[in-house]
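S.K.:
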Amino acid sequence: MESPSSAVDFYGFLDRMRRPAAAALFRSIKSFLASLSPDEPSAEDDGARVQAFYAAMEAAFREHPLWANATHQEIDHALEGLEKYIMTKLFDRTFAASPEDAAADAEVSERIGLLQRFVRPQHLDIPKVLHNEASWLLAVKELQKINSFKSPREKLLCVMSCCQVINNLLLNVSMSNDRTPSGADEFLPILIYITIKANPPHLHSNLKFVQLFRRETKLVSEVEYYLTNLISAKMFIVNVDGRSLSMEENEFQMHMETAKLGTQICAASLSSLQGSATSTRGLQKQTDTEGSRFPFMDSETESLTPAELKQLHGLYRQVVTRYTSLSKALRKLSIDEDQLLASVDDDP
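This note's numbering puts the sequence shown at residues 3 to 350.
1) Could you check the C-alpha separation between A61 and Q255 for me, to the nearest Å?
2) Mapping DSSP to helix, strand and coil, what is I120?
3) Indicate the three-state DSSP secondary structure (helix, strand or coil) for N252 in the structure shown.
4) Could you tell me which of P67, L140, A98 and R18 sits nearest to L214, measuring between CA atoms?
5) Beta carbon of K86, beta carbon of R155: below 8 angstroms?
6) Report back the beta-carbon spacing between F15 and L84 to the nearest angstrom; my notes put them in contact at under 8 angstroms.
7) Do I192 and I128 come within 8 angstroms of each other at the CB atom, strictly closer than that value?
8) Could you have a look at D180 and say whether DSSP puts it in helix, strand or coil?
9) Compute the Euclidean distance between the alpha carbons of I114 and A104, then round it to the nearest angstrom.
10) Going by C-alpha to C-alpha distance, which of A200, F211 and E188 sits closest to S44?
11) Determine the contact status of L145 and V242, defining contact as a CB-CB distance below 8 angstroms.
12) May I have the straight-line CA-CA distance separating S150 from A26, to the nearest angstrom?
13) Rounded to whole angstroms, what is the Cα-Cα separation between E112 and N169?
14) Could you check where the alpha helix (DSSP H) with P22 kicks off and where it finishes?
15) Is it the case that the segment 227–235 contacts the segment 65–75, given that we only count it when at least three CB pairs across the two stretches are under 8 angstroms?
16) Going by Cα to Cα distance, which pick from I239, C160 and D180 is closest to L190?
17) When DSSP labels each residue in this structure, what does S246 get in the three-state scheme?
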C-alpha cells in the first residue's frame with residue numbers, strides 16, 4: 003500500500019498532465035519513454051538517461067504556466083509524480099531485467115536462507131539490552147514490503163521505515179538505560195540481523211533499482227545513510243564467514259553444511275507431501291485400493307482385527323527403521339539432532 007503523500011503527489015501530477023495546457027509536457031514524457039524502446043535494456047545506461055530526463059523536466063516544470071509561482075515543494079511534488087509515472091512504465095525493463103541481476107538475487111536469497119537457520123543475535127555481537135522481538139518483527143515487516151512497489155521512492159520508504167524502527171529502538175534503550183548511543187556500531191549489526199530474518203525478495207535488484215532510478219537529489223543525508231547501511235548489510239551477508247560471526251571457520255562451515263542439509267530435507271519433505279496429495283487424489287478415485295496412506299488413524303484399538311494389527315506392526319517397524327537410518331546419517335555428518343530440531347523450530 004502506497005504512502006498517502008506518494009498518492010497525493012502521483013494523482014496531483016496525473017491531474018495536471020490531463021489538462022490541455024500540459025499537452026506539450028505529456029508529449030515529451032511519451033517521447034522519452036518511446037526513445038528507450040529500440041535499445042537493449044542496460045540498467046546503468048537507462049539510469050543515466052532517466053536522471054538526465056528528471057533534470058530536464060524539472061527545468062520545464064519551473065518555466066511552465068501550470069507551475070507559475072509554484073513553491074519549491076510544489077515543484078518537488080510534481081517531480082515525485084513524474085518519477086513514479088516513468089518508473090512504473092519502465093519497471094519491467096529496468097527491474098531485475100538482466101540474467102546477472104536474477105543470479106545475484108538468487109544467490110543472496112539462498113545465502114540468507116542458510117544463515118536464517120543458525121545465525122542468532124549473539125553471533126553479530128548485539129547486546130542483550132537491544133534484544134527486542136517486537137521491534138525486530140516490525141522492522142522485518144517493513145523491509146519485506148519493498149517488493150510490493152514499483153517506484154524507487156516507495157521502495158526507499160520501506161528501507162527508511164525499517165531503519166527508523168531500529169533507530170527508535172536504539173534511542174529508547176539509550177534513554178531508558180542512561181547509555182550513550184554508539185551509532186553504526188550497534189545500528190548495522192541489528193540491520194544485518196533484520197535483513198537475515200526478513201530475506202526480502204530481490205534484495206540485490208531492489209537496492210540497484212533505488213540507486214539508479216531514485217532522483218539523485220533525494221539520495222542525500224539520512225536517506226543516503228540508511229540506504230548505504232542496507233547495501234553494507236547485503237555485502238556483509240554475501241561475504242560472511244566464521245570470523246564475521248565471531249566463530250571458528252570450521253564451525254561456520256559446519257553450520258552452513260547443516261543448513262544446506264536442512265534445506266534439502268525440507269525440499270524433499272515438501273516434494274513428498276505434494277506427491278502424497280497427488281496420490282491421495284488418485285486413491286479417492288479408486289475404491290478398490292487401500293484408500294489412505296494412514297489407514298488406522300481413525301480406528302479404535304478394540305476394532306482392529308489380528309490381520310490389521312499385524313499390518314500396523316509392520317508399518318511401525320518401517321518407521322523405526324527409517325528413523326534409525328536417518329539418525330545414523332545425521333551423526334556421521336556431525337549434526338546434533340536436538341540442534342537440528344531446534345534450528346527448525348527457531349526458523350524465522
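Think of the CB as a built atom: it goes at the ideal place given N, C-alpha and C, for glycine as much as any other residue.
M.R.: Based on what the coordinates show:
1) In the sequence shown, residue 61 corresponds to position 59, counting from 1. In the sequence shown, residue 255 corresponds to position 253, counting from 1. For the pair A61 and Q255, the Cα-to-Cα distance works out to about 56 angstroms.
2) Working through the sequence shown from its first residue, we reach residue 120 at position 118. Correcting the residue type first, residue 120 is Phe in the shown sequence and not Ile. Coil.
3) Here residue 252 refers to the residue found at position 250 of the sequence shown. Correct three-state label for N252: helix.
4) As a position in the sequence shown, residue 214 is number 212, starting the count at 1. The shortest Cα separation from L214 among P67, L140, A98 and R18 belongs to A98.
5) Sequence index remark: in the sequence shown, residue 86 carries index 84 (1-based). Sequence index remark: in the sequence shown, residue 155 carries index 153 (1-based). The beta carbons of K86 and R155 sit closer together than 8 angstroms.
6) As a first step, residue 15 is located in the sequence shown; it is residue number 13 there, counting from the start. As a first step, residue 84 is located in the sequence shown; it is residue number 82 there, counting from the start. Between L84 and F15 the Cβ distance is about 6 angstroms, and since that is below 8 angstroms, they are a contact.
7) The residue you call residue 128 lines up with position 126 of the sequence shown. The residue you call residue 192 lines up with position 190 of the sequence shown. Yes. Within cutoff.
8) Locating residue 180 in the sequence shown gives position 178, where the first residue counts as 1. D180: coil per DSSP, three-state reduction.
9) Counting from 1 along the sequence shown, the entry for residue 114 is found at position 112. Counting from 1 along the sequence shown, the entry for residue 104 is found at position 102. Counting only the Cα atoms, A104 lies some 15 angstroms from I114.
10) Looking up residue 44 in the sequence shown gives position 42. The candidate whose alpha carbon is nearest that of S44 is F211.
11) Position 143 of the sequence shown holds residue 145. Position 240 of the sequence shown holds residue 242. No, Cβ-Cβ distance for L145 and V242 is not below 8 angstroms.
12) Counted from its first residue, the sequence shown places residue 150 at position 148. Counted from its first residue, the sequence shown places residue 26 at position 24. If you draw a straight line from the Cα of S150 to the Cα of A26, it comes to about 32 angstroms.
13) Within the sequence shown, the letter at position 110 stands for residue 112. Within the sequence shown, the letter at position 167 stands for residue 169. When rounded, the distance between both Cα atoms is 28 angstroms.
14) In the sequence shown, residue 22 corresponds to position 20, counting from 1. Here P22 belongs to no alpha helix (DSSP H), and DSSP marks it neither H nor E.
15) no
16) As a position in the sequence shown, residue 190 is number 188, starting the count at 1. That would be I239, whose Cα lies nearest to the Cα of L190.
17) In the sequence shown, counting from the first residue as 1, residue 246 sits at position 244. Residue state, collapsed to three classes: helix.
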